[in-house]
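Trainee: Quick one: structure below, then a few questions.
There are 2 protein chains.
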Amino acid sequence: MPPPILEPIVVATENSPHAVRLLARQGKHTSPTAGYAPGYIQANLLVVPRAYATDFHSLCLRNPVPCPLLAIGSATSLISPTPTTPPLLTHPFDLRSDIPRYNVYHAGRLTASGITDISELWSSADSHVAFLIGCSFSFEGALMAAGLMPRHVEMGCNVAMYSTSRKLNPAGVFTDGTYVVSMRPYPQDQVERVRDITRPYAAMHGEPIAWGWEAVQELGIADLGAPEFGDAVEIKEGEVPVFWGCGVTPQNAIMRAGDKIKGTVMAHAPGHMLVTDVREEEYFKTQATVL
Amino acid sequence: MPPPILEPIVVATENSPHAVRLLARQGKHTSPTAGYAPGYIQANLLVVPRAYATDFHSLCLRNPVPCPLLAIGSATSLISPTPTTPPLLTHPFDLRSDIPRYNVYHAGRLTASGITDISELWSSADSHVAFLIGCSFSFEGALMAAGLMPRHVEMGCNVAMYSTSRKLNPAGVFTDGTYVVSMRPYPQDQVERVRDITRPYAAMHGEPIAWGWEAVQELGIADLGAPEFGDAVEIKEGEVPVFWGCGVTPQNAIMRAGDKIKGTVMAHAPGHMLVTDVREEEYFKTQATVL
């Protein structure tokens with residue numbers, strides 16, 4: 001009689017970042033990551049063929065509000081962008097499987113959506129470079145703690161995200177990118193508080209880039225009721241839309257680069273983020289300015 | 292008989308950065324700094340009352356293309372923004388006198404232009420914070436070395452600079468800033484070379500933010516023949532305008548903030564830069580990416 005097959009022992013508490021990643025690796029966690037491992041930073045992933053890595057790095061550095069860079073690396077090894085930034089992951093990891101779901105692009109077009117493993121597409125360590133980019137989940141916790149519940153959290157849906165006409169600073173092959181923004185409605189007289197609360201989250205898009213009804217036209221948004229990504233949310237009497245830089249921006253830049261990009265680009269599927277081992281407060285400690 | 296009064300001994304070669312600063316300190320160098328101490332980085336200066344320093348710092352970090360931060364500090368002491376950036380000044384200095392000419396702003400309005408010393412306005416070390424911001428002089432040398440002489444250098448005039456409608460990412464009190472751009476015309480078929488040559492100068496505005504005739508309207512520039520700053524230059528048949536982020540942007544942001552800024556803001560006078568002790572190649576060595 002053969003010995004019983006043992007499941008790998010998950011040496012992590014159930015809702016720890018490490019546990020979420022292990023379950024994702026095993027294909028057992030395939031849902032969005034909002035609400036998992038609360039207090040830990042979650043990150044957007046973008047993986048580009050090595051030939052475009054320098055241009056994409058430059059795109060992030062030139063557009064830190066929509067594309068705040070947290071780390072760069074291979075599938076199993078990451079480097080922080082500054083010597084004082086803490087490592088995002090403190091256990092062995094594999095970016096090809098540790099995220100619940102992925103999107104895949106070829107020549108700027110989405111060719112696979114929501115797959116749970118990209119190991120076969122990213123088989124060689126040298127072929128691609130991974131970029132991890134900050135996410136607004138972090139500052140939403142701070143808004144909630146201040147009694148400024150984001151509407152989509154209240155409604156139990158995804159945040160509303162819009163393509164805009166606001167240009168990114170071009171970088172190499174990425175000449176035609178524009179900001180993607182997330183929108184949360186707030187009463188006009190709370191906008192300054194909302195700005196103050198989200199401002200310190202510099203590596204997670206920071207304070208809004210625009211607010212008020214006049215910003216809708218200025219950003220080239222045709223219809224607030226029809227977001228390009230996520231779900232439309234109600235805007236109540238006396239509220240105004242408030243817009244933040246959004247981590248979907250880099251995927252949008254890949255799409256706009258079209259067939260200038262040869263090879264396979266991979267990314268997390270929206271809402272299905274990399275759950276990191278860094279606590280928000282730990283990250284802020286390292287973000288202290290010289291002032 | 293009293294002993295003869297001795298002039299201070301300038302222990303610096305005539306065209307060294309240190310010599311230029313010492314002569315400026317003595318009121319003997321009051322002209323623009325272009326062409327002085329070639330190969331050394333020159334920097335824009337912006338000095339804000341301490342109450343606005345955090346917001347201004349955030350403005351720079353959120354808009355690194357027009358406002359690339361080289362150092363922050365007091366009149367006599369500077370801190371580099373990253374641990375690997377070399378110190379800008381390696382001799383004792385005083386930012387209140389070591390620049391040939393200064394501008395002064397109150398409530399967003401220019402109240403003094405071209406004065407040679409601001410020691411009386413910035414008498415207390417704690418009252419203000421200084422920001423040093425990269426300048427496009429550096430990449431102009433690289434363009435010239437590649438046979439792509441900027442037109443204004445050829446014409447012996449100042450570079451053409453324009454206010455645009457392209458918004459800065461807002462930061463605290465600085466909500467209404469827009470890009471100021473510098474413009475150099477180049478043949479359409481040289482634009483990619485020009486982009487490639489200036490791209491590595493990340494701390495000096497890097498590659499252009501826009502180019503071609505369609506960019507003129509897109510940036511909201513009414514008349515290329517009437518730059519808001521500097522001098523108009525000829526655009527020849529077959530050439531297109533190429534636009535870069537410009538270090539006048541922060542002064543423009545101060546003006547647009549208007550009477551939201553209480554107290555005295557000081558800056559270098561356009562073209563009259565801080566000549567630093569850092570060689571361009573030395574700076575690039577420290578800018579190596581992790582890729």
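Those protein sequences? They're chains A and B, same order as listed. Note that my numbering numbers the first sequence so that position 142 is 142, with each residue one more than the last. Take any residue in the second sequence, count from 1 to its spot, add 291: that is its number in my numbering. By construction, the Cβ of each residue, glycine as well, lies at the ideal position given by its N, Cα and C atoms.
Quick one: grab the DSSP three-state call for M557/B.
Mentor: The residue you call residue 557/B lines up with position 266 of the second sequence. Of the three classes helix, strand and coil, the one that applies to M557/B here is strand, per DSSP.
Trainee: Give a yes or no on whether 8 Å exceeds the smallest Cβ distance from G463/B to chain A.
Mentor: Taking the first residue of the second sequence as position 1, residue 463/B is located at position 172. Cβ-Cβ to chain A under 8 Å: yes for G463/B.
Trainee: Beta carbons nearer than 8 Å to chain B: which residues of the stretch 199–216 of chain A have them?
Mentor: Going along the stretch 199–216 of chain A in chain order, one finds R199, A202, G206, E207, P208, I209 and A210 with a Cβ nearer than 8 Å to chain B.
Trainee: Could you tell me whether the stretch 390–401 of chain B touches the stretch 448–465 of chain B, where touching means 3 or more Cβ pairs closer than 8 Å?
Mentor: No contact exists between the stretch 390–401 of chain B and the stretch 448–465 of chain B.
Trainee: Looking at A226/A and G108/A, is the spacing between their C-beta atoms short of 8 Å?
Mentor: Here residue 108/A corresponds to residue number 108 of the first sequence, with the count starting at 1. Here residue 226/A corresponds to residue number 226 of the first sequence, with the count starting at 1. Taking 8 Å as the Cβ cut-off, G108/A and A226/A do not qualify as a contacting pair.
Trainee: Run through chain A and tell me which residues come within less than 7 Å of T373/B, C-beta to C-beta.
Mentor: On the second sequence, position 82 is the one that residue 373/B refers to. Under the 7 Å cutoff, chain A gives T82.
Trainee: What does the Cβ neighbour count give for N44/A, buried or exposed, with the cut at 16 atoms within 10 Å?
Mentor: Counting from 1 along the first sequence, the entry for residue 44/A is found at position 44. The residue in question, N44/A, is buried, as its Cβ has 16 or more Cβ neighbours within 10 Å.
Trainee: Output the distance between the C-alpha atoms of I512/B and G220/A, rounded to the nearest integer angstrom.
Mentor: Position 221 of the second sequence, counting from 1, holds the residue named residue 512/B. Position 220 of the first sequence, counting from 1, holds the residue named residue 220/A. So the two alpha carbons sit approximately 19 Å from each other.
Trainee: Could you have a look at M546/B and say whether DSSP puts it in helix, strand or coil?
Mentor: On the second sequence, position 255 is the one that residue 546/B refers to. Of the three classes helix, strand and coil, the one that applies to M546/B here is helix, per DSSP.
Trainee: Quick check: the Cα distance between A403/B and R387/B, rounded to an integer number of angstroms?
Mentor: As a first step, residue 403/B must be located in the second sequence, where it is residue number 112. As a first step, residue 387/B must be located in the second sequence, where it is residue number 96. A403/B and R387/B: Cα-Cα distance of roughly 15 Å.
Trainee: Determine the chain A residues that contact V356/B at a beta-carbon separation under 7 Å, and present them in chain order.
Mentor: By 1-based counting over the second sequence, the position of residue 356/B is 65. By Cβ distance, chain A contributes R62 and N169.
Trainee: How close, in whole Å, do the beta carbons of P66/A and T249/A come, if the pair is a contact with beta carbons under 8 Å?
Mentor: Mapped onto the first sequence, residue 66/A falls at position 66. Mapped onto the first sequence, residue 249/A falls at position 249. Contact flag correct, Cβ pair sits at about 4 Å.
Trainee: Within the 8 Å Cβ cut-off, does S124/A reach chain B?
Mentor: Here residue 124/A corresponds to residue number 124 of the first sequence, with the count starting at 1. Not an interface residue.
Trainee: Mind pulling the chain B residues with CB within less than 7 Å of S127/A?
Mentor: By one-based count along the first sequence, residue 127/A stands at place 127. Correct list: empty, because the minimum Cβ distance to chain B is about 14 Å.
Trainee: Does any residue of chain A bring its CB to less than 8 Å from the CB of S404/B?
Mentor: As a position in the second sequence, residue 404/B is number 113, starting the count at 1. Chain A, which has no Cβ nearer than 8 Å to the Cβ of S404/B, makes this no.
Trainee: Considering only the beta carbon of each residue, do R341/B and H419/B sit closer than 8 Å?
Mentor: Looking up residue 341/B in the second sequence gives position 50. Looking up residue 419/B in the second sequence gives position 128. It is a contact, given that the beta carbons lie within the stated cut-off.
Trainee: Got a sec: is the Cβ-Cβ distance from S349/B to anything in chain A below 8 Å?
Mentor: Taking the first residue of the second sequence as 1, we reach residue 349/B at position 58. Yes - at least one Cβ of chain A is within 8 Å of the one on S349/B.
Trainee: Under three-state DSSP, which class holds K260/A?
Mentor: Against the first sequence, residue 260/A aligns to sequence position 260. Three-state result, K260/A: helix.
Trainee: Between which two residues does the beta strand (DSSP E) holding L336/B run?
Mentor: As a working note, residue 336/B is residue 45 in the second sequence. From DSSP, the beta strand (DSSP E) with L336/B extends over Y331 to P340.
Trainee: Can you find at least 3 beta carbon pairs, one from the stretch 527–534 of chain B and one from the stretch 499–510 of chain B, that sit closer than 8 Å?
Mentor: Segments in contact, yes.
Trainee: Are the C-beta of P308/B and some C-beta of chain A separated by less than 8 Å?
Mentor: If you number the second sequence from 1, residue 308/B lands on position 17. It does not; no Cβ of chain A falls within 8 Å.
Trainee: Distance check for M149/A and I118/A, CA to CA, integer angstroms please.
Mentor: Position 118 of the first sequence, counted from the start, is the residue given in the question as residue 118/A. Position 149 of the first sequence, counted from the start, is the residue given in the question as residue 149/A. One C-alpha to the other measures close to 35 Å.
Trainee: Run through the stretch 389–447 of chain B for me and flag every whole beta strand (DSSP E) of 3 or more residues, listed as ranges in chain order.
Mentor: If we require 3 residues or more, the beta strand (DSSP E) runs fully inside the stretch 389–447 of chain B come out as 393–397, 400–406 and 419–424.
Trainee: Alpha carbon to alpha carbon, what distance is there between A160/A and S123/A?
Mentor: Sequence index remark: in the first sequence, residue 123/A carries index 123 (1-based). Sequence index remark: in the first sequence, residue 160/A carries index 160 (1-based). In a straight line, the C-alpha of S123/A is about 34 Å away from that of A160/A.
Trainee: Can A125/A and I72/A be called in contact, C-beta distance under 8 Å?
Mentor: To locate residue 125/A, count along the first sequence from 1; it is residue 125. To locate residue 72/A, count along the first sequence from 1; it is residue 72. Contact: no.
Trainee: Using 10 angstroms around the beta-carbon of G206/A, count the other beta-carbons present and answer buried if the total reaches 16, otherwise exposed.
Mentor: Locating residue 206/A in the first sequence gives position 206, counting from the first residue. Looking at its Cβ environment, which holds 16 or more other Cβ atoms inside 10 Å, G206/A is buried.
Trainee: In whole angstroms, what separates the C-alpha of I406/B from that of Y396/B?
Mentor: Residue mapping note: residue 406/B aligns to position 115 of the second sequence, counting from 1. Residue mapping note: residue 396/B aligns to position 105 of the second sequence, counting from 1. Looking at the two C-alpha atoms, the distance is approximately 12 Å.
Trainee: Do F575/B and M495/B count as a contact pair if the criterion is CB distance below 8 Å?
Mentor: Taking the first residue of the second sequence as 1, we reach residue 495/B at position 204. Taking the first residue of the second sequence as 1, we reach residue 575/B at position 284. No, Cβ-Cβ distance for M495/B and F575/B is not below 8 Å.
Trainee: Return the chain-ordered list of same chain residues with a C-beta closer than 7 Å to the C-beta of A269/A, the five sequence neighbours on each side being excluded.
Mentor: Here residue 269/A refers to the residue found at position 269 of the first sequence. Result list for A269/A: R101, Y102, N103, S113 and G114, in chain order.
Trainee: Indicate the three-state DSSP secondary structure (helix, strand or coil) for F384/B in the structure shown.
Mentor: Locating residue 384/B in the second sequence gives position 93, where the first residue counts as 1. Of the three classes helix, strand and coil, the one that applies to F384/B here is coil, per DSSP.
Trainee: Would you list, in sequence order, the uninterrupted alpha helix (DSSP H) runs of no fewer than 4 residues that lie entirely inside the stretch 152–208 of chain A?
Mentor: Qualifying alpha helix (DSSP H) stretches, in chain order: 191–198.
Trainee: Taking 8 Å as the cut-off, decide whether the C-beta atoms of P359/B and A493/B are in contact.
Mentor: The residue labelled residue 359/B in the question sits at position 68 within the second sequence. The residue labelled residue 493/B in the question sits at position 202 within the second sequence. Yes; because the gap between Cβ atoms is below 8 Å, this pair is in contact.
Trainee: Classify C448/B: buried if its beta carbon has 16 or more other beta carbons within 10 angstroms, exposed otherwise.
Mentor: In the second sequence, the residue the question calls residue 448/B occupies position 157. Burial call: exposed.
Trainee: Where does I300/B sit, in a helix, a strand or coil, going by DSSP?
Mentor: Counting from one through the second sequence, the residue named residue 300/B turns up at place 9. Low per-residue confidence applies at I300/B: pLDDT is 45, beneath 50, and the placement is therefore not dependable, though the value from the model is reported in the following sentence. I300/B: coil per DSSP, three-state reduction.
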